[in-house]
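Below is one structure; the comments refer to it alone.
Protein chains in written order, with our numbering: chain V, 7 to 425; chain S, 7 to 425.
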């Protein structure tokens with residue numbers, strides 16, 4: 007008998023029929039002898055409906071009140087799923103973030119979980135109940151409702167699994183695992199049986215979108231066994247692992263990409279210590295996340311500075327950068343929101359040379375110009391014109407032979423099937 | 007400068023436009039220098055939508071989970087109204103029942119308020135904020151969400167006004183006050199400038215539906231000045247008063263009626279002490295409210311016992327009564343759910359004889375047969391066949407001259423206008 011935390015996303019609970027189907031799935035796992043905690047998102051479309059409602063009353067809704075509003079989405083789902091479970095003869099109890107004291111900081115819309123009081127949950131489990139918890143939401147020190155941002159339900163599930171020391175945290179979604187890249191772009195893309203948390207982090211942050219990045223960080227920190235599975239079909243999904251086995255590790259695990267990037271450049275900045283902090287500090291103060299950063303020293307003792315932000319933050323970031331440029335007497339500010347980022351990710355990179363040159367050659371062969379390059383230990387990212395997205399991803403998937411399962415992956419597949 | 011608690015019902019906040027209109031009204035009252043606490047219901051239709059959703063998952067949704075679900079309705083409204091107020095430049099803060107500790111007992115769906123912690127509200131008022139509170143909901147000792155039952159937002163408003171010692175509690179609704187009877191039935195029905203709380207209680211419990219009965223009880227207990235007004239047009243509404251002024255009191259204030267009654271009779275019950283308690287005890291255990299009760303002693307030492315319940319409880323009550331009849335060896339059980347109750351209400355009744363005979367004669371003149379009679383100090387109720395509802399109400403409105411304002415009412419009207 008294991009303690010399992012399951013998380014079902016918006017599509018999985020998108021209507022009463024699907025909620026009933028989730029209840030059947032949960033009931034089956036319980037019948038197999040497991041203790042179950044189920045974390046759910048708002049029904050698909052509900053969050054967007056609520057945001058639209060908010061915007062009809064205020065063009066820029068106050069963040070505190072928006073959180074009060076959005077939190078109703080998950081609250082609706084927990085009640086409905088608990089009803090569906092009771093209907094299956096499974097005793098169930100629903101809890102909002104508030105009720106299980108998912109305590110967060112007070113950054114409305116992007117709050118971070120600080121701690122969880124798992125007493126009520128443990129009590130209910132002892133009584134044989136399935137516990138249904140609202141994802142995405144928490145409560146700050148003042149007792150105000152907070153939300154964790156889009157995809158925050160994954161983080162709730164992982165945090166819950168960590169707090170309860172669960173045996174596995176299963177994230178049910180509308181895909182059946184993590185793929186070498188988006189199958190809509192590369193039809194031969196392959197489901198990975200396993201992926202390391204580091205690779206997953208790079209994949210997620212680069213737009214693989216299967217799991218929220220914070221949830222993977224959280225899982226890694228507390229070594230929560232995390233598995234991504236499909237709500238709609240049975241299958242082993244993809245397990246996120248924490249140990250590295252170089253023998254088995256494929257060179258490259260996948261090709262990630264991000265369509266929602268925009269690039270900003272400030273030219274002719276005095277090249278002195280602290281200048282990067284000064285520029286990015288102003289951007290950070292406006293709560294804009296900066297992704298890639300590249301700095302080149304020019305010949306005249308001045309420097310050029312380029313960074314990327316989420317496309318929705320582009321206009322705001324450009325405004326800020328213009329003010330900064332004026333203060334710094336910089337030469338020029340420019341930007342481009344028609345770019346994308348493509349990355350190759352793999353822990354195998356650590357012990358193999360030549361990945362970068364294979365990557366750059368594959369892109370060059372297709373005539374794709376690289377605008378920015380950024381590397382980490384296990385990933386290489388490039389920024390290219392958005393029109394090259396599909397072509398670039400396909401070229402790289404092919405260049406690294408990702409449509410063929412490596413020997414190690416086959417072995418794992420066997421282990422998986424015999425679980 | 008006064009402290010005013012305003013309550014807006016579902017129709018008043020039925021869509022974003024109406025919520026904005028409420029925000030304008032609240033902003034105006036604040037501009038006049040008042041401190042404001044606003045209690046709101048779910049947007050009209052929302053509660054029904056949620057109940058339908060629940061029933062699609064469980065034919066008899068667990069009460070605890072239904073409360074979790076229904077509470078989202080008011081939570082949505084508080085967030086939206088706060089946004090609309092901020093949009094009007096009015097600083098506002100929303101609170102769920104949980105957040106302002108509207109502590110209730112644990113009778114889900116029909117909870118009673120035990121106490122309120124008004125600290126956060128007072129703090130916000132001191133800071134010049136308008137406080138927006140979710141009506142209808144509270145939290146029990148366990149931290150579980152409870153709801154107060156339909157119309158419970160009125161009770162929330164009055165309880166809040168009592169806790170804050172507010173100068174007035176204004177209930178905004180889709181009618182402009184309390185009428186002598188339903189104007190849809192009697193077009194010459196007249197708005198009352200004032201009504202005593204006792205009369206209001208009798209009117210409300212008998213189906214006048216303007217205010218929830220518990221809210222009036224609550225208001226009476228704490229002497230909260232309570233006013234019913236229209237959300238959609240300006241006007242003085244109807245003030246509920248607590249002192250009686252016999253000089254001014256009209257003989258009869260209004261004709262109330264209730265369509266939703268059903269009648270049950272058990273015949274040939276042994277006539278011994280405790281028998282009524284035994285019968286009604288079983289009904290009460292099933293959480294069915296009994297309204298009118300009539301008992302007649304028969305010639306053979308047995309007794310007949312008739313009572314009315316809400317029509318939705320009819321089938322259940324009939325079942326229970328049949329079991330009781332078997333246990334008591336009663337002769338017969340019968341029932342009728344095609345009845346209505348009509349009542350004349352007025353504190354003037356206390357000092358005037360002849361009201362009952364005027365009432366019975368007016369009904370007899372129209373050939374309406376009276377099936378049950380029940381009287382209290384300030385009301386006389388009769389049960390008649392449902393087909394006589396309109397005819398009966400019109401005949402009584404006419405018989406007591408309610409279309410003409412009495413001298414006392416005119417005087418009050420003047421006082422009202424000069425406020």
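Cβ coordinates follow ideal geometry from the N, Cα and C atoms, glycine included.
- For residue 61/S, the enclosing alpha helix (DSSP H) starts and ends at 52-63.
- Put simply, of 180/S, 311/S, 366/S the residue whose alpha carbon is nearest the alpha carbon of residue 330/S is 311/S.
- The C-beta of residue 55/S comes no closer than 8 Å to any C-beta of chain V.
- Among the bridge pairs identified by DSSP, residue 143/S is matched with 153/S.
- Distance between residue 352/V and residue 259/V, taken at the CA atoms: about 5 Å.
- The DSSP assignment places complete alpha helix (DSSP H) segments of no fewer than 4 residues inside the segment 150-206 of chain V at 158-170, in order along the chain.
- The Cβ atoms of residue 235/V and residue 178/V sit closer than 8 Å to each other.
- A contact is defined here as three or more CB-CB pairs under 8 Å, and the segment 84-93 of chain V meets this definition with respect to the segment 59-72 of chain S.
- For residue 315/S, there are no C-beta contacts with chain V under 7 Å, since the nearest C-beta of that chain is about 27 Å from it.
- Inclusion of residue 140/S and residue 103/S in the CB contact set at 8 Å is warranted, their separation being smaller than that value.
- For residue 84/V, the residues of chain S that pass the 7 Å Cβ criterion are 74, in the order they occur in the chain.
- Ranked by Cα distance from residue 170/S, the options 294/S, 129/S, 148/S are led by 129/S.
- Residue environment for residue 30/V: exposed (fewer than 16 other C-beta atoms within 10 angstroms of its C-beta).
- When C-beta atoms of the segment 370-378 of chain S are compared with those of the segment 286-296 of chain S, fewer than three pairs fall below 8 Å, so the two segments do not count as touching.
- Among the residues of chain V, those whose CB is under 9 Å from the CB of residue 104/S are 102, 104, 105, 149, following chain order.
- Contact of residue 64/S with chain V by beta-carbon distance below 8 Å involves 89, 90, 92, 93.
- The Cβ atoms of residue 164/V and residue 230/V lie closer than 8 Å to each other.
- Flagged as an interface residue toward chain S: residue 81/V, by a C-beta distance shorter than 8 Å.
- Residue state for residue 238/V is assigned as coil, using DSSP reduced to three classes.
- Counting every other CB atom within 10 Å of its CB across the protein chains shown gives residue 7/S a total below 16, marking it as exposed.
- Taking the Cα positions, residue 194/S is about 45 Å away from residue 71/V.
- Within the segment 18-35 of chain V, contact with chain S at the beta-carbon level (separation under 7 Å) is assigned to 22, 25, 26.
- Cβ atoms of residue 49/S and residue 64/V stay farther apart than 8 Å, at about 16 Å.
- The Cβ-Cβ distance between residue 191/S and residue 399/S falls below 8 Å.
- Think of a sphere of 7 Å around the beta carbon of residue 78/V: the chain S residues whose beta carbon falls inside it are 78, 81, 82, in chain order.
- By the C-beta density criterion, residue 145/V is buried, having at least 16 other C-beta atoms within 10 angstroms.
- Assigned with DSSP and collapsed to three states, residue 104/S falls in coil, not helix or strand.
- With respect to residue 112/S, residue 161/S sits apart: the two C-beta atoms are not nearer than 8 Å.
- As DSSP reads the structure, residue 109/V sits in a beta bridge with 121/V, 145/V.
- Residue 188/V has its alpha-carbon roughly 34 Å from the corresponding atom of residue 91/V.
- Annotated as proximal: residue 273/V and residue 338/V, with beta-carbon spacing under 8 Å.
- Taking 8 Å as the cut-off, the Cβ atoms of residue 275/S and residue 225/S do not count as close.
- Looking at the backbone, the Cα of residue 115/V and that of residue 149/V are separated by about 15 Å.
- For residue 301/S, the uninterrupted beta strand (DSSP E) run begins and ends at 296-303, by DSSP.
- Taking the Cα positions, residue 271/V is about 56 Å away from residue 109/S.
- Taken in chain order, the members of the segment 140-171 of chain S whose beta-carbon sits within less than 7 Å of a beta-carbon on chain V are 149.
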